[in-house]
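Novice: For the sequence shown, our numbering assigns the number -18 to the initial residue and increments by one for each residue that follows.
C-beta atoms are modelled at their ideal positions from N, C-alpha and C, and glycine is treated no differently.
Remember, it's a predicted structure, so these values are computed and weren't measured experimentally.
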Amino acid sequence: MACFRIDGQPRCDPGFQNCWSAQSDGPALQTLAILDSYQSLDAATKATARTVIERNLRYLLNPSADNDPPNVPGYQSKTDSLWEEEYGYSFYARAVQLKCLRATKDHPYDITVPANLDDAIAWLAGKVSAHWTGEYYATFEPGTAIDPAPADKHRAPYDPNSDILMACLYGAVAVTDERLLATAAAIRDVYTDPTTGYPINQDDEKLGYGPLIGRYPGDYYDGDVNDSPTNKDHPWILCSCNLAEIYCRLATAIEQGAPIPTDPMLERFYEQIQLPSPPDEQAAITSLRGAGGRILRAVIYHSDNLELSEQLDQSTGFQKSVSNLTWSYAAFLSVVRACAT
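#1: Inspect the beta-carbon positions of Leu277 and Glu291 and report whether they are closer than 8 Å.
#2: Helix or strand or just coil, what does DSSP make of Gln263?
#3: Considering just the uninterrupted stretch of the alpha helix (DSSP H) at Cys(-7), what are its terminal residues?
#4: Starting from Leu38, trace the alpha helix (DSSP H) in both directions and tell me its first and last residue.
#5: Suppose the cutoff is 7 Å on Cβ atoms and the five residues either side in sequence are ignored; what does the same chain contact list for Gly152 look like?
#6: Distance, Cα to Cα, Leu42 vs Glu252?
#7: Going by alpha carbons, who is nearest to Gly195 out of Pro245, Asn142, Ala225, Met147?
#8: To which residues of the same chain is Val323 closer than 6 Å at the C-beta, ignoring the five residues directly before and after it?
#9: Looking at C-alpha atoms only, which residue of Ala111, Thr85, Tyr70, Cys149 is the closest neighbour of Tyr56?
#10: Tell me Thr60's beta-bridge partners as DSSP assigns them.
#11: Is there at least one Cβ from chain B nearer than 8 Å to Gly69's Cβ?
#12: Leu10 and His88 - do their beta-carbons sit closer together than 8 Å?
#13: Taking a contact to mean a Cβ-Cβ separation below 8 Å, would you say Gly273 touches Glu226 in this structure?
#14: Just to confirm, is the Cβ distance from Leu247 to Ala163 under 8 Å?
#15: Less than 8 Å between the CB atoms is what I'm expecting for Ser221 and Leu193, so what's the real figure, rounded?
#16: Between the region 167 to 181 and the region 296 to 305, are three or more C-beta pairs nearer than 8 Å?
#17: Which partner residues does Asp244 have in the DSSP bridge list?
#18: For the alpha helix (DSSP H) holding Glu236, just list the boundary residues, first then last.
#19: Let's test the definition: count the other Cβ atoms within 10 Å of the Cβ of Glu262 and tell me whether it reaches 16, buried, or not, exposed.
#20: Using the C-alpha atoms, what's the distance from Ile145 back to Val317?
#21: Once the 5 residues before and after Leu31 are set aside, which same chain residues still bring their CB inside 6 Å of it?
#22: Cα separation between Pro240 and Thr157?
#23: Which of the three DSSP states is assigned to Asp184 in this structure?
#24: Taking the alpha-carbon of Ala148 as reference, which of Ser284, Glu67, Leu63, Asn97 has the nearest alpha-carbon?
#25: So if DSSP puts Lys301 in a beta bridge, which residue, or which two residues, is it bridged to?
#26: Evaluate Ala25 with the Cβ neighbour count: other Cβ atoms within 10 Å of its Cβ, from every protein chain shown; 16 or more gives buried, anything less gives exposed.
#27: Helix, strand or coil for Tyr118, going by three-state DSSP, please let me know.
#28: At the level of alpha carbons, what is the spacing between Ala321 and Leu219?
#29: What does the alpha-carbon distance come out to for the pair Gln237 and Ala167?
#30: Can the beta-carbon of Tyr201 be found closer than 8 Å to that of Pro210?
#31: Can Ala232 and Ile266 be called in contact, C-beta distance under 8 Å?
#32: Given that a residue counts as buried once 16 or more other Cβ atoms are within 10 Å of its Cβ, and exposed if not, what is Glu188?
#33: For Ile45, which beta-bridge partners are listed by DSSP?
#34: Is the separation between the beta-carbon of Pro8 and that of Asn37 shorter than 8 Å?
#35: Of the residues Ser302, Arg83, Ile102, Glu122, which one's Cα is nearest the Cα of Pro216?
#36: Hey, Leu289 and Ser309 are a contact pair by Cβ (cut 8 Å); roughly how many whole angstroms apart?
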């Protein structure tokens, strides 16, 4: 996925400088969306859909000299991160690609699938696991180079990063994955720490709301002024909604018979939602839905008559940056559906 102007040209400054990034999650997400609606299409549109999916699969599964490293399949290539800032082997992109390839295998719909589909699924599954640091899933595969290094752009630390939550919501990481839940707990701690977290979370806690979370600990993009390392970062509505959706999806999974995750490393996860570890089933369901609801109430409380921007000021809670961001609305509606299930 890349960014283009209305005339079809890449979104760049004159001389093709400072072009917006290209992200390899696009073909996978497009394929997943088509597969989800495929049975509702008429015959002619199904034929077009198959053509698009087959083209996407060739991008993901066939070697290309344009990939990085050259001559590897797209799924083994480096890509820009979800936040369009860093470049490397992305957990999020790998999780989305893995979900896409598994869905293609499960629902072939007369699609011509390259012979290496199973090999790609196995490779990606192994690489997703390789992002575990012992404390959280890392955005980029540990031990591999990131370009530019976050420290060079003053974005360190880049983990724990909220794009891991999206690897669950949009990708192949299960909501019952104990490593995912440990990562969610680590992300939440970044923004609720009384000393270094967002002041608005302390105010909201007194009202029984929140917390609101941001993108990653070293973030300094505020959407209003120059992208300077001296800026403060702020809560993102979509990230906050994503955390709420993790809670609600886990509640539904337990309600439908999934075992309650009980690894000792989840003690902090359960402590954050005011639940003893390990919890019983009904208490877990109630507490998880309650935790999701408190985050939603914070988002609604700080909305402008239900209009949702990109970010909320970390001190006042006032909306800031891009107004009426589609992604914020989509994330909000998604968690409302998840919590109502």
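Specialist: Working from what's here:
#1: no
#2: helix
#3: Note, Cys(-7): premise wrong, no alpha helix (DSSP H); not H, not E.
#4: 24 to 42
#5: Tyr73, Ala76, Val77, Leu79, Lys80
#6: 43 Å
#7: Asn142
#8: Shown here, the chain extends from -18 to 322; a query on residue 323 therefore has no answer.
#9: Tyr70
#10: Gly69
#11: The structure shown contains no chain B; it holds only a single protein chain.
#12: no
#13: yes
#14: yes
#15: 5 Å
#16: yes
#17: Beta-bridge pairing links Asp244 to no other residue.
#18: 218 to 236
#19: exposed
#20: 20 Å
#21: As written in the sequence, residue 31 is Arg, which differs from the Leu given in the question. These residues qualify, in order along the chain: Ile92.
#22: 8 Å
#23: helix
#24: Leu63
#25: Gln292
#26: exposed
#27: strand
#28: 18 Å
#29: 27 Å
#30: yes
#31: yes
#32: Per the sequence shown, the amino acid found at residue 188 is Leu instead of Glu. Under this definition Leu188 is an exposed residue.
#33: Position check: residue 45 holds Ser in this sequence, whereas Ile was assumed. Val53, per the DSSP bridge assignment.
#34: yes
#35: Ser302
#36: 4 Å
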